[in-house]
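K.L.:
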Amino acid sequence: MSLPPIHLWGVTGPVQPLEGGHRNQVFKLSHPDGDLVFKSTRRSADALDWLHNVFRQIGPDLCAPYLKPSLSGQLLQNGWTCEPFIMGHPVSEQEAQQIKLPPIHAPQRHGFTTTPALCNHDTSGDIDLRAMPSDVVSACRAAWRALADLPTGVVHGDLNPSNLKRLPDGRICLLDWDEARVDARIFDLPIASLTPLQAKARTAFEVASCWQIEPDRARNLANSLMQ
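Position one of the sequence shown corresponds to residue 4 (the working numbering), numbered consecutively onward.
1. Which runs of the alpha helix (DSSP H) fall wholly inside the stretch 176 to 206 and span at least 4 residues, in chain order?
2. With burial defined as no fewer than 16 other Cβ atoms inside 10 Å of the residue's Cβ, what is the status of A1: buried or exposed?
3. For A202, which residues of its own chain have a beta-carbon under 7 Å away from its beta-carbon, when the five flanking residues on both sides are left out?
4. Ignore the nearest five residues each way along the sequence and tell me which others in T116's own chain have a CB closer than 6 Å to its CB.
5. Quick one: grab the DSSP three-state call for S236.
6. Since L121 and W147 should fall inside the 8 Å C-beta cutoff, what is the C-beta to C-beta distance between them, to a whole number of angstroms?
7. With H, G and I counted as helix, E and B as strand and the rest as coil, what does DSSP make of E86?
8. For K71, list the residues DSSP reports as bridge partners.
9. Count the other C-beta atoms from every protein chain shown that fall within 10 angstroms of the C-beta of N56, then say buried if there are 16 or more, exposed otherwise.
10. Within this structure, are the beta carbons of T118 and A204 separated by less than 8 Å?
11. Kindly provide the ranges of any alpha helix (DSSP H) runs that are 4 or more residues long and lie completely inside the stretch 122 to 166, ordered along the chain.
12. Looking at C-beta atoms only, is the number of pairs between the stretch 99 to 106 and the stretch 161 to 171 that lie closer than 8 Å three or more?
13. Pull up the distance between the alpha-carbon of P132 and that of V140, whole angstroms please.
14. Considering only their Cβ atoms, is the gap separating V158 from R184 smaller than 8 Å?
Take a look at the structure:
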């Protein structure tokens, strides 16, 4: 475990790991002017800049924690980002299922493509199909073809209760935009609202995006996908 380079943001203080970072390291810094969260990331500087345009368009009932630039004005430093620690109340599963992003005008996020496009491309975000067995890739692509004609737009990609906080002013703050991209809108819908083919396509996405980062989970999901 490596510690975040907090000095690059001009802050000092104790840091402690936070739970919930399955793919990235996450630390909280206690600071008199407001606690901060430092996260390791595999995203590029361009992919992080993309978020700011998206965040400006999600109000008024939703919000997101803007990334804080370092002393040199960069959002990304040595593979780390910094954002304010959000205090708020938990959101229930039922409430989470009602959360929907408004239509957001944005190009595709740098380093990503839509999931249906992965039928002809090999990489998107954490997905690298070249690192997967050919039979699993074929099963994923077969599942993704069901999404080809669905509406697309900016999706958060992980709208579960652990990524949502209700603020004192009533707004819902959406955390962890690591998987955000332009894709089929079904990736932000409750799984219970999807058709069997759409649910299978979602499972295929999880298999592919977890294959190298959470291999045990990916292989368990792949078994169900290929039955």
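Glycine included, every Cβ here is placed at the ideal spot set by N, Cα and C. Remember, it's a predicted structure, so these values are computed and weren't measured experimentally.
P.N.:
The answer reads as follows:
1. none
2. Residue coverage of the chain in this structure runs from 4 to 230, which leaves residue 1 outside it and unanswerable.
3. I194
4. H124 and S127
5. Nothing can be reported for residue 236, as the shown portion of the chain is limited to 4 through 230.
6. Yes, they are in contact, since the Cβ atoms of L121 and W147 sit about 6 Å apart, within 8 Å.
7. strand
8. DSSP, once it has assigned bridges, lists no residue as partnering K71.
9. exposed
10. yes
11. 137 to 147
12. yes
13. Per the sequence presented here, residue 132 reads as Leu, with Pro not at that position. One C-alpha to the other measures close to 6 Å.
14. Yes; because the gap between Cβ atoms is below 8 Å, this pair is in contact.
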